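Chemist: In the numbering used here, the protein residues as written are 361 to 486. Glycine included, each C-beta is placed from N, C-alpha and C at the ideal position. Owing to the predicted nature of the structure, the values given are computational and were not obtained by experimental measurement.
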């Protein structure tokens with residue numbers, strides 16, 4: 361018990377520990393950190409098994425491709441008329457994600473009216 365008190369006193373007094381003590385205690389702390397990491401991994405795996413993410417954007421309908429790409433290239437070509445533009449991917453807002461974020465932001469804004477909220481991720485129970 362005296363050994364531990366001496367180490368603690370030395371850290372407080374000098375602001376750093378001796379190299380021997382540091383090497384000894386770092387070896388003892390590694391298994392504890394590995395144990396904590398395994399607990400975090402188990403918690404993450406259980407979270408992923410119970411919940412699935414809802415994406416904010418989904419692929420757009422093929423019917424809208426021509427209209428959207430025409431508008432997007434017209435806007436982009438305004439600044440650079442001599443360049444060629446290729447639209448690679450067209451996405452639209454996920455209606456389910458939009459509805460959930462609107463409801464959540466409305467409920468949260470009811471508590472504090474003068475704040476701005478951003479929904480980062482939405483998960484759905486499997």
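Buried or exposed for residue 457, going by 16 or more other Cβ atoms inside 10 Å?
Modeler: Along the chain shown, one-based indexing puts residue 457 at 97. Buried.
Chemist: Please state whether DSSP places residue 419 in a helix, a strand or coil.
Modeler: As a working note, residue 419 is residue 59 in the chain shown. Here residue 419 sits in strand by DSSP.
Chemist: Say whether the region 457-472 touches the region 419-435, bearing in mind that this needs 3 or more beta-carbon pairs closer than 8 Å, one atom from each stretch.
Modeler: no
Chemist: By Cβ distance below 8 Å, which residues in the same chain neighbour residue 414 in space, the five residues on each side in sequence not counted?
Modeler: Walking along the chain shown from the start, residue 414 turns up at place 54. Cβ within range, chain order: 454, 456, 457, 460, 482, 483 and 484.
Chemist: Give me the DSSP bridge partner(s) of residue 484.
Modeler: Walking along the chain shown from the start, residue 484 turns up at place 124. 412, per the DSSP bridge assignment.
Chemist: Can you tell me which of the three DSSP states residue 451 falls into?
Modeler: By one-based count along the chain shown, residue 451 stands at place 91. DSSP places residue 451 in strand when its eight states are reduced to three.
Chemist: Can you give me the C-alpha to C-alpha distance between residue 398 and residue 422, rounded to a whole angstrom?
Modeler: Within the chain shown, residue 398 is the residue found at index 38, counting from 1. Within the chain shown, residue 422 is the residue found at index 62, counting from 1. Cα to Cα, residue 398 sits roughly 45 Å from residue 422.
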